[in-house]
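Notes follow the structure.
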Amino acid sequence: MADSSRLVLGIESSCDETAVAVVAGGREVLSSVVHSQALQHADWGGVVPELAGRSHLREIRPTIERALHDSGATAGDLAAIAVTSRPGLLGSLLIGATAAKALAWAWELPLVPVHHIEAHIYAALMALPEWHFPYLTLVVSGGHTALYRTTSPLDHNLLGSTLDDAAGEALDKAAMMLDLAYPGGPAIEAEGRDGDAQRYAFKRPMLGPDSLDFSFSGMKTALLYKLKGPGGKRQDATLEEASDRTAMAASFEQAVMDTLVRKCLRASAVTGIPRLLIGGGVARNRRLRLMMERACARPGVVATFAPPDFCTDNAVMVAGLGWARLEAGEVADLGMDVQAR
Ligand code: KG4
Ligand code: ZN
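Numbering (numbering that gives the first Met the number 0), first residue to last: 0 to 340.
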């Protein structure tokens with residue numbers, strides 16, 4: 000059993016996953032439970048906030064109980080309760096935060112608020128046996144696509160971010176246009192696995208020679224026009240054969256991932272930082288992992304991805320970062336607020 004004075008119970012409920020984990024010393028995962036609502040939102044092609052809130056309310060208590068049980072720890076073993084306090088859906092955040100406050104009060108433990116994006120970055124840091132700051136960090140998820148200069152687990156300077164859609168959002172919308180399942184990222188990955196990724200041309204939006212920002216909405220429009228003609232006006236989709244859909248999914252996925260890779264290498268050249276961290280739901284993508292690995296070889300950039308299970312929303316990253324914040328004395332009182340942005 001891990002040193003109990005270092006155990007943090009983390010709670011994540013910012014979007015459509017109810018997740019609870021127990022992590023020792025910000026490193027050792029004792030338990031991780033994730034309840035995904037993906038099936039409940041599938042018919043709508045995206046997260047419905049009202050449904051998400053209700054589901055969190057139903058699941059939060061059993062998820063906490065299971066995570067604690069699986070960890071082999073008891074309440075008396077814990078050093079703190081960490082919880083995602085921002086950003087996210089207000090109603091969803093409130094349920095995790097209220098549960099965390101109740102536990103912190105009842106068990107007389109410090110309450111540690113955690114920023115969801117910083118937690119995604121921490122998930123990538125957890126993949127490294129030791130840290131050599133600074134890192135260049137890409138967070139790429141359904142709600143965010145941004146590059147940071149990371150100088151500690153708690154310090155991240157924004158270098159660039161998306162001007163419109165996040166990469167995951169673009170994949171989710173593209174999947175809908177292609178009649179694929181929700182969430183779209185994994186669906187496009189599965190559909191495009193054996194597809195010809197060169198068959199359909201999509202421009203890589205680089206936004207000028209120096210920009211470290213992203214833009215994916217044009218790519219989405221390009222897909223719509225390829226499917227439904229100029230202006231997107233034709234009713235019937237042009238995908239006549241199954242192989243067309245497979246190639247379209249592969250080509251779109253390739254274009255999104257290639258843009259991410261190019262921006263990371265540009266950011267590395269601009270900042271002179273040769274160490275890259277990548278986290279967030281889209282970091283699960285195997286095409287991205289392969290492309291990044293290949294592209295990094297020549298400039299000698301070392302890319303570290305968060306472990307696949309800790310790319311999509313989870314509470315291990317919350318408990319992990321919670322430990323780092325607890326050590327830095329960054330705790331909150333029971334009046335803690337949640338913030339959508
Ligand atoms: O980090 P995450 O779970 O939630 C947010 O903070 O947004 O990311 C969810 C996003 C969704 O857009 C989903 O389609 C995408 O991550 N995603 C993937 C993969 N798995 C999840 N995108 C590409 N390939 C995947 N394997
Ligand atoms: Zn996330």
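Think of the CB as a built atom: it goes at the ideal place given N, C-alpha and C, for glycine as much as any other residue.
- Assigned with DSSP and collapsed to three states, Leu127 falls in coil, not helix or strand.
- Around the Cβ of His131, a 10 Å sphere holds fewer than 16 other Cβ atoms; the residue is exposed.
- In the DSSP annotation of this structure, Glu329 is not part of any beta strand (DSSP E), being labelled neither H nor E.
- Every beta strand (DSSP E) stretch that sits fully inside the region 108-164 and reaches 3 residues is listed by chain position as 110-114, 134-139, 144-151, 154-160.
- Residue burial is scored here from C-beta neighbours: Thr73 has fewer than 16 other C-beta atoms within 10 angstroms and is therefore classed as exposed.
- For Cys263, the shortest C-beta to heavy atom distance toward the ligand KG4 is 7 Å or greater.
- The beta-carbon distance between Ala79 and Leu108, rounded to whole angstroms, is 5 Å. This is short enough to meet the 8 Å contact definition.
- In the DSSP assignment, Ala18 falls outside any alpha helix (DSSP H) and lies within the beta strand (DSSP E) extending over 16-23.
- In the DSSP assignment, Gly9 falls within the unbroken beta strand (DSSP E) covering 6-11.
- If the five residues before and after Glu58 are omitted, its C-beta is found closer than 8 Å to the C-beta atoms of Thr17, His34, all from its own chain and listed in chain order.
- If you draw a straight line from the Cα of His40 to the Cα of Arg53, it comes to about 12 Å.
- Spanning the alpha carbons of Glu190 and Met291 requires a straight line of approximately 21 Å.
- Each residue's CA atom was taken as its position, placing Val21 and Arg148 some 28 Å apart.
- Taking C-beta atoms as the reference points, Met256 and Leu222 fail to come closer than 8 Å.
- For Gly183, the enclosing alpha helix (DSSP H) has its first and last residue at 183-191.
- With distances taken between CA atoms, Leu226 lies nearest to Ala248 out of Leu137, Ala248, Cys295.
- Residue pairing from DSSP places His34 in a beta bridge opposite Thr17.
- The beta carbon of Gly279 sits closer than 7 Å to at least one heavy atom of the ligand ZN.
- Secondary structure note for Ala81: its beta strand (DSSP E) is the uninterrupted segment 77-85.
- Boundaries for Gly45: no alpha helix (DSSP H) harbours it, and the DSSP string shows neither H nor E there.
- Residue state for Leu177 is assigned as coil, using DSSP reduced to three classes.
- In this structure, the C-beta of His114 stays at least 7 Å away from each heavy atom of the ligand ZN.
- In this structure, the straight-line span from the alpha carbon of Tyr199 to that of Lys262 is close to 21 Å.
- Sequence-distant partners of Asp164 (beyond 5 residues in either direction) whose C-beta falls short of 6 Å from its own C-beta, in its chain, are Phe215, Ser216.
- In this chain, Ala302 is not harboured by any alpha helix (DSSP H); it is covered by the beta strand (DSSP E) spanning 301-304.
- Put simply, the backbone Cα of Met316 is about 44 Å away from that of Lys232.
- Distance from the Cα of Glu117 is smallest, within the candidate group Leu137, Asp212, Leu179, for Leu137.
- Going by C-alpha positions, Ser84 is about 21 Å away from Glu64.
- Only exposed fits Glu49, as fewer than 16 other CB atoms lie within 10 angstroms of its CB.
- Counting along the chain, the unbroken alpha helix (DSSP H) around Leu93 starts and ends at 89-105.
- By the Cβ test, the region 92-99 is not in contact with the region 120-127, since fewer than three Cβ pairs between them sit closer than 8 Å.
- Residue side-chain check: Thr311 places its Cβ nearer than 7 Å to a non-hydrogen atom of the ligand KG4.
- In the structure shown, Leu211 adopts coil according to DSSP, grouped into three states.
- The continuous beta strand (DSSP E) containing Leu275 extends over residues 274-278.
- Counted as a single uninterrupted DSSP element, the alpha helix (DSSP H) harbouring Arg285 occupies residues 285-296.
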